[in-house]
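Those letters in the sequence shown? Residues -19 to -1, 1 to 127, per mature numbering (1 follows the signal peptide of the UniProt record, and there is no 0), in order.
Since the structure comes first, as C-alpha coordinates, the remarks are kept for the end.
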Amino acid sequence: MSRKIVFIIFCFFPFLTNASVNSYVNCFSSSDQKGINLQFVIVNDGGRDKWFGGYVKYEKSNHPITIVPVKESEEEFTEGRPYEYTTTWVEIINGKPEGKYITVRQGAIFSSFVYINTKSKKQYDFTQVFDAMNDGYCQWNDNDRK
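Now the structure itself:
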(Lines of atoms letter the chains of each structure in order from A and count residues from 1; the text may use other names and numbers.)
(Lines give C-alpha, C1' and ligand atoms only; values in the text may rest on other atoms or scores of the structure.)
Protein backbone atom coordinates (compact mmCIF):
# COMPACT_ATOMS: atom_id res chain seq x y z
CA MET A 1 0.00 0.00 0.00
CA SER A 2 2.74 2.46 0.91
CA ARG A 3 4.52 1.73 -2.39
CA LYS A 4 1.39 2.79 -4.27
CA ILE A 5 1.20 6.05 -2.34
CA VAL A 6 4.89 6.79 -2.95
CA PHE A 7 4.44 5.96 -6.65
CA ILE A 8 1.45 8.28 -6.97
CA ILE A 9 3.25 11.12 -5.19
CA PHE A 10 6.35 10.56 -7.33
CA CYS A 11 4.26 10.64 -10.53
CA PHE A 12 2.53 13.90 -9.64
CA PHE A 13 5.52 15.64 -8.05
CA PRO A 14 6.78 17.18 -11.33
CA PHE A 15 3.35 18.68 -11.96
CA LEU A 16 3.14 20.10 -8.45
CA THR A 17 6.58 21.70 -8.56
CA ASN A 18 5.96 23.31 -11.95
CA ALA A 19 2.45 24.46 -11.09
CA SER A 20 2.25 28.22 -11.45
CA VAL A 21 -1.10 29.92 -11.23
CA ASN A 22 -1.50 33.64 -11.82
CA SER A 23 -4.61 35.69 -11.18
CA TYR A 24 -5.41 39.18 -12.38
CA VAL A 25 -8.14 41.21 -10.70
CA ASN A 26 -9.96 44.09 -12.38
CA CYS A 27 -12.82 46.20 -11.06
CA PHE A 28 -15.72 47.48 -13.16
CA SER A 29 -18.86 49.59 -12.65
CA SER A 30 -21.84 49.79 -14.95
CA SER A 31 -21.82 52.81 -17.23
CA ASP A 32 -25.49 53.55 -16.56
CA GLN A 33 -27.03 54.85 -13.35
CA LYS A 34 -27.76 51.38 -11.92
CA GLY A 35 -24.47 51.25 -10.01
CA ILE A 36 -23.67 47.62 -10.74
CA ASN A 37 -20.15 46.80 -9.55
CA LEU A 38 -18.21 43.64 -10.33
CA GLN A 39 -14.83 42.06 -9.83
CA PHE A 40 -13.45 40.33 -12.93
CA VAL A 41 -10.73 37.77 -12.26
CA ILE A 42 -8.64 36.06 -14.92
CA VAL A 43 -6.68 32.99 -13.86
CA ASN A 44 -3.96 31.37 -15.97
CA ASP A 45 -1.28 28.71 -15.71
CA GLY A 46 1.63 31.09 -16.08
CA GLY A 47 1.87 30.52 -19.82
CA ARG A 48 2.99 26.91 -19.56
CA ASP A 49 -0.03 25.46 -21.36
CA LYS A 50 -1.67 28.77 -22.27
CA TRP A 51 -4.71 27.78 -20.21
CA PHE A 52 -6.89 30.52 -18.77
CA GLY A 53 -10.33 30.93 -17.27
CA GLY A 54 -11.90 33.11 -14.67
CA TYR A 55 -14.83 34.29 -12.67
CA VAL A 56 -16.96 37.36 -12.06
CA LYS A 57 -18.07 38.39 -8.58
CA TYR A 58 -20.77 41.02 -8.32
CA GLU A 59 -20.58 43.39 -5.36
CA LYS A 60 -23.99 42.39 -4.00
CA SER A 61 -23.51 38.64 -4.47
CA ASN A 62 -21.87 36.11 -2.19
CA HIS A 63 -21.02 33.70 -5.01
CA PRO A 64 -18.60 34.03 -7.92
CA ILE A 65 -19.79 33.12 -11.41
CA THR A 66 -17.52 30.93 -13.52
CA ILE A 67 -16.59 32.34 -16.92
CA VAL A 68 -14.98 30.40 -19.75
CA PRO A 69 -13.23 31.96 -22.75
CA VAL A 70 -14.79 30.75 -26.01
CA LYS A 71 -13.22 33.09 -28.56
CA GLU A 72 -10.20 35.35 -28.64
CA SER A 73 -8.58 37.48 -31.30
CA GLU A 74 -5.50 39.66 -31.13
CA GLU A 75 -4.30 42.60 -33.13
CA GLU A 76 -1.06 44.58 -33.12
CA PHE A 77 -1.61 48.28 -33.75
CA THR A 78 1.86 49.61 -32.96
CA GLU A 79 5.05 47.59 -33.05
CA GLY A 80 6.51 47.19 -29.58
CA ARG A 81 3.23 47.97 -27.82
CA PRO A 82 0.99 45.35 -26.20
CA TYR A 83 -1.41 43.56 -28.51
CA GLU A 84 -5.12 44.35 -28.26
CA TYR A 85 -7.12 41.26 -27.26
CA THR A 86 -10.84 40.83 -27.83
CA THR A 87 -12.18 37.93 -25.77
CA THR A 88 -15.67 36.46 -25.53
CA TRP A 89 -16.38 34.77 -22.20
CA VAL A 90 -19.45 32.62 -21.45
CA GLU A 91 -20.78 32.68 -17.91
CA ILE A 92 -21.86 29.33 -16.49
CA ILE A 93 -24.59 29.25 -13.84
CA ASN A 94 -25.84 25.90 -12.57
CA GLY A 95 -24.05 24.19 -15.45
CA LYS A 96 -25.74 26.29 -18.14
CA PRO A 97 -24.58 29.27 -20.21
CA GLU A 98 -26.59 32.29 -19.04
CA GLY A 99 -24.77 35.21 -20.61
CA LYS A 100 -21.57 36.41 -22.15
CA TYR A 101 -18.94 39.03 -21.52
CA ILE A 102 -17.05 40.62 -24.38
CA THR A 103 -13.84 42.31 -23.32
CA VAL A 104 -11.34 44.39 -25.27
CA ARG A 105 -8.03 45.03 -23.55
CA GLN A 106 -4.53 46.18 -24.30
CA GLY A 107 -2.15 45.26 -21.50
CA ALA A 108 -3.96 45.98 -18.23
CA ILE A 109 -6.33 48.54 -19.77
CA PHE A 110 -9.84 47.47 -20.80
CA SER A 111 -11.28 49.79 -23.45
CA SER A 112 -14.54 47.83 -23.57
CA PHE A 113 -16.32 45.49 -21.16
CA VAL A 114 -19.85 44.41 -22.12
CA TYR A 115 -22.24 41.87 -20.59
CA ILE A 116 -25.09 40.41 -22.69
CA ASN A 117 -27.82 38.33 -21.05
CA THR A 118 -28.52 35.28 -23.21
CA LYS A 119 -32.29 35.16 -22.56
CA SER A 120 -33.27 38.83 -22.60
CA LYS A 121 -30.48 39.97 -24.97
CA LYS A 122 -30.12 42.99 -22.67
CA GLN A 123 -26.68 44.57 -22.83
CA TYR A 124 -24.79 46.24 -19.98
CA ASP A 125 -21.68 48.36 -20.54
CA PHE A 126 -19.06 48.60 -17.81
CA THR A 127 -16.13 50.93 -17.17
CA GLN A 128 -12.87 49.91 -15.53
CA VAL A 129 -12.45 51.46 -12.06
CA PHE A 130 -8.79 51.56 -11.05
CA ASP A 131 -9.23 53.20 -7.65
CA ALA A 132 -11.50 50.37 -6.41
CA MET A 133 -8.51 47.99 -6.27
CA ASN A 134 -7.31 47.26 -2.74
CA ASP A 135 -4.92 44.44 -1.83
CA GLY A 136 -5.92 42.21 -4.74
CA TYR A 137 -9.69 42.63 -4.64
CA CYS A 138 -12.30 45.26 -5.44
CA GLN A 139 -13.43 47.46 -2.58
CA TRP A 140 -16.53 49.43 -3.44
CA ASN A 141 -17.17 51.42 -0.26
CA ASP A 142 -15.51 54.82 -0.77
CA ASN A 143 -15.17 55.33 2.99
CA ASP A 144 -13.10 52.16 3.38
CA ARG A 145 -10.66 52.75 0.51
CA LYS A 146 -7.07 53.47 1.44
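In this text, a Cβ means the ideal position worked out from N, Cα and C, and glycines have one as well.
Please read all numbers here as calculations on a predicted model, not as lab measurements.
Measure from the alpha carbon of Gly61 to the alpha carbon of each residue in Pro45, Gly88, Lys77, then state which is nearest. As a first step, residue 61 is located in the sequence shown; it is residue number 80 there, counting from the start. Among Pro45, Gly88, Lys77, the Cα nearest to that of Gly61 is on Gly88.
Closest by CA to Ile46, which one among Val22, Asp30, Trp32? By 1-based counting over the sequence shown, the position of residue 46 is 65. Checked all of Val22, Asp30, Trp32; the closest Cα to Ile46 is Val22.
Mind checking Thr(-3): buried by the 16 CB within 10 Å criterion, or exposed? The sequence position of residue -3 within the sequence shown is 17, counting from 1. A caution first: Thr(-3) carries a pLDDT of 49, below 50, which makes its placement in the model unreliable, though a value can still be read off. With fewer than 16 other CB atoms across the displayed protein chains lying within 10 angstroms of its CB, Thr(-3) is exposed.
How is Arg(-17) classed by DSSP in three states: helix, strand or coil? In the sequence shown, counting from the first residue as 1, residue -17 sits at position 3. Bear in mind that the predicted position of Arg(-17) carries a pLDDT of just 48, short of 50, making it unreliable; the figure below should be weighed with that in mind. Helix.
Examine the Cβ distances between the stretch 103 to 116 and the stretch 31 to 39 and report whether three or more of them are shorter than 8 Å. Cβ pair count under 8 Å is below three, so no.
Rounded to the nearest angstrom, what separates Lys38 and Gln20 at their Cα positions? On the sequence shown, residue 38 is found 57 positions in, with the first residue counted as 1. On the sequence shown, residue 20 is found 39 positions in, with the first residue counted as 1. Spanning the two alpha carbons is a distance of roughly 5 Å.
Would you say Glu57 and Tyr64 are within 7 Å of each other, going by their C-beta atoms? Numbered from 1 along the sequence shown, position 76 holds the residue referred to as residue 57. Numbered from 1 along the sequence shown, position 83 holds the residue referred to as residue 64. Cβ distance < 7 Å, so Glu57 and Tyr64 count as in contact.
Would you report the Cα separation of Met114 and Ile17, rounded to the nearest angstrom? Here residue 114 refers to the residue found at position 133 when the sequence shown is read from its first residue. Here residue 17 refers to the residue found at position 36 when the sequence shown is read from its first residue. Looking at the backbone, the Cα of Met114 and that of Ile17 are separated by about 16 Å.
What's the C-alpha gap between Thr59 and Val51? For the purposes of this step, residue 59 is taken as residue 78 along the sequence shown, with counting starting at 1. For the purposes of this step, residue 51 is taken as residue 70 along the sequence shown, with counting starting at 1. Straight-line measurement puts the Cα of Val51 at about 26 Å from the Cα of Thr59.
Inter-residue spacing [alpha-carbon to alpha-carbon] between Glu40 and Arg29: As a position in the sequence shown, residue 40 is number 59, starting the count at 1. As a position in the sequence shown, residue 29 is number 48, starting the count at 1. When rounded, the separation of the alpha-carbon atoms in Glu40 and Arg29 is 32 Å.
So, for Asp116: in the same chain, excluding its five sequence neighbours on each side, which residues have a beta-carbon less than 7 Å away from its beta-carbon? Position 135 of the sequence shown, counting from 1, holds the residue named residue 116. Excluding positions up to five away in sequence, the list is empty.
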